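Asker: So the sequence shown is residues 1 to 326, counted in UniProt numbering.
Structure provided below as structure tokens; questions to follow.
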Amino acid sequence: MTCLQTDTNVRGRPTARSTRRAVWPAFKQQKFLFLMMLPALIWAVLFAYAPMAGLYMSFVNYQPTLGRFWESLFHSEFVGLDWFRYFFNNGDFLIIMRNTLASTLITMLFSFPMPILIAIAINEIKNAGFKKIVQTSSYLPYFISWVIAANIIVTLLSSDGAINALLKFLHLTDESVLFLQNGKYFWWIVALGNTWKDMGYSSIMYLAAISAINPELYEAAKVDGANRFKQIRYITLPHLKPTIVILLILALGGVLNAGFDQHFLLGNNLTKDYSDVLSTYSFRYGIQNGMFSYASAVGMFSSVVAFIIVVIVNYSAKKINGQSLF
Numbered sequence: 001m002t003c004l005q006t007d008t009n010v011r012g013r014p015t016a017r018s019t020r021r022a023v024w025p026a027f028k029q030q031k032f033l034f035l036m037m038l039p040a041l042i043w044a045v046l047f048a049y050a051p052m053a054g055l056y057m058s059f060v061n062y063q064p065t066l067g068r069f070w071e072s073l074f075h076s077e078f079v080g081l082d083w084f085r086y087f088f089n090n091g092d093f094l095i096i097m098r099n100t101l102a103s104t105l106i107t108m109l110f111s112f113p114m115p116i117l118i119a120i121a122i123n124e125i126k127n128a129g130f131k132k133i134v135q136t137s138s139y140l141p142y143f144i145s146w147v148i149a150a151n152i153i154v155t156l157l158s159s160d161g162a163i164n165a166l167l168k169f170l171h172l173t174d175e176s177v178l179f180l181q182n183g184k185y186f187w188w189i190v191a192l193g194n195t196w197k198d199m200g201y202s203s204i205m206y207l208a209a210i211s212a213i214n215p216e217l218y219e220a221a222k223v224d225g226a227n228r229f230k231q232i233r234y235i236t237l238p239h240l241k242p243t244i245v246i247l248l249i250l251a252l253g254g255v256l257n258a259g260f261d262q263h264f265l266l267g268n269n270l271t272k273d274y275s276d277v278l279s280t281y282s283f284r285y286g287i288q289n290g291m292f293s294y295a296s297a298v299g300m301f302s303s304v305v306a307f308i309i310v311v312i313v314n315y316s317a318k319k320i321n322g323q324s325l326f
């Protein structure tokens, strides 16, 4: 009995030593796969984890004139949480948080369900040639840079653009609507722009999940008299549920990441009270005003809140549905 207990704990679970023994043969057997992972691992260390040392900038009064970067960073005056207090106490905090949350939540209202609907619709197309055309057309906007996409949106929404021309043709308005000069339209414009640009590409994951569904389930449903809508409701959507939960957790984790490009390119002085979000705010203070420590504190605040949200949503999803990211 003593010998049997060396590799298991009291509850019969494998100990760290037995786990190491099991991992090493698997590593030797799949060594080429691990070698293929090495470039990605190096990239993650260099560009994702190593730069985290710069978070120290949030707790000092960084002065780039003191010398080289690391010398300037570690010889700057330590101020603790002063930059965070400054961000929370100044008049910009509530406005920036309102704009960021409103923009991301309205975007999620459109951009999260649309890929699901597109994936289901594409899956229902029986003509292979037409199906490829629809798929390609829906993917294309994702590969357009936001510089070009913003110019397309500005052109469409200009006073003599296609949207105003359509509104006049339908007699919904007599004068051109100044969409990009009126702040109350800005969040909706960004939300629709994000949805148009990303929905086709985001549908790929749902299409992959649909392709993994056993076709025999649909055949059995047809025999039982289920039409296409009932097949979608009782077969397709339940099989998409795990994918939907995971992507929802990731989406909620980015609730403070409203996107820099679209707000910077579509925003202007007339809509600043609606277009200024955390990313543009930290850019303006960090790059344009040279307040590097303050911008770093704002970015760190956003990252910490995003991490907390992911943990809470993941835990809730695990308790409610038994499905989670980790």
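Glycine residues also receive a C-beta, built at the ideal position from the N, C-alpha and C atoms.
A quick note: this is a predicted structure, and the numbers were derived from the prediction, not measured.
Excluding the five sequence neighbours on either side, which residues of its own chain have a C-beta within less than 6 Å of the C-beta of ILE163, listed in chain order?
Answerer: Stepping through the sequence shown from its first residue, residue 163 is reached at position 163. Here the set comprises LEU156 and LEU157.
Asker: If you check the beta carbons only, do VAL190 and THR107 fall under 8 Å apart?
Answerer: In the sequence shown, residue 190 corresponds to position 190, counting from 1. In the sequence shown, residue 107 corresponds to position 107, counting from 1. Contact flag set, yes.
Asker: Between the stretch 261-274 and the stretch 224-244, do at least 3 Cβ pairs fall closer than 8 Å?
Answerer: No: fewer than three Cβ pairs fall under 8 Å.
Asker: Got a sec? Which residues, its chain only, sit under 7 Å from ILE232 by beta carbon, not counting five neighbours each side?
Answerer: Here residue 232 corresponds to residue number 232 of the sequence shown, with the count starting at 1. Result list for ILE232: ILE120, in chain order.
Asker: What is the residue span of the alpha helix (DSSP H) that TYR218 lies within?
Answerer: For the purposes of this step, residue 218 is taken as residue 218 along the sequence shown, with counting starting at 1. 215-223 is the extent of the alpha helix (DSSP H) around TYR218.
Asker: Out of curiosity, what's the CA-to-CA distance linking LYS197 and GLY290?
Answerer: Locating residue 197 in the sequence shown gives position 197, counting from the first residue. Locating residue 290 in the sequence shown gives position 290, counting from the first residue. Their Cα atoms are separated by approximately 33 Å.
Asker: Taking DSSP's pairing of strands, which residues face ASN61 in a bridge?
Answerer: In the sequence shown, the residue the question calls residue 61 occupies position 61. DSSP lists GLU77 as partners of ASN61.
Asker: By DSSP, does GLN135 sit in helix, in strand, or in coil?
Answerer: Taking the sequence shown and counting its residues from 1, one reaches residue 135 at position 135. Reduced to three states, the DSSP call for GLN135 is helix.
Asker: Classify PHE69: buried if its beta carbon has 16 or more other beta carbons within 10 angstroms, exposed otherwise.
Answerer: Taking the first residue of the sequence shown as 1, we reach residue 69 at position 69. With fewer than 16 other Cβ atoms within 10 Å, it is exposed.
Asker: Is the stretch 46-58 in contact with the stretch 280-297, if contact means three or more CB pairs nearer than 8 Å?
Answerer: Cβ pair count under 8 Å is three or more, so yes.
Asker: Just how far apart, CA to CA, sit GLN135 and ILE116?
Answerer: Numbered from 1 along the sequence shown, position 135 holds the residue referred to as residue 135. Numbered from 1 along the sequence shown, position 116 holds the residue referred to as residue 116. Each residue's Cα considered, the two are about 13 Å apart.
Asker: Do you know how far the Cα of LEU170 is from the Cα of PHE44?
Answerer: What you label residue 44 is simply residue 44 of the sequence shown in a count that begins at 1. What you label residue 170 is simply residue 170 of the sequence shown in a count that begins at 1. As written in the sequence, residue 44 is Ala, which differs from the Phe given in the question. Roughly 53 Å separates the two Cα atoms.
Asker: Could you give the C-beta distance for GLY200 and ILE144, rounded to a whole number, given that I count them as a contact under 8 Å?
Answerer: The residue given as residue 200 occupies position 200 in the sequence shown. The residue given as residue 144 occupies position 144 in the sequence shown. Contact flag wrong, Cβ pair sits at about 11 Å.
Asker: Less than 8 Å separating the beta-carbons of SER202 and LEU178?
Answerer: As a position in the sequence shown, residue 202 is number 202, starting the count at 1. As a position in the sequence shown, residue 178 is number 178, starting the count at 1. Their beta carbons are not under 8 Å apart, which means SER202 does not touch LEU178 by this criterion.
Asker: So, helix, strand or coil for ILE312, using DSSP?
Answerer: Counting from 1 along the sequence shown, the entry for residue 312 is found at position 312. The answer is helix: DSSP assigns ILE312 an H, G or I state.
Asker: According to DSSP, is ALA295 part of a helix, a strand, or is it coil?
Answerer: Taking the sequence shown and counting its residues from 1, the one referred to as residue 295 is at position 295. Correct three-state label for ALA295: helix.
Asker: Are the beta-carbon atoms belonging to LEU256 and VAL305 less than 8 Å from one another?
Answerer: Along the sequence shown, read from residue 1 onward, the residue named residue 256 stands at position 256. Along the sequence shown, read from residue 1 onward, the residue named residue 305 stands at position 305. Closer than 8 Å, so yes.
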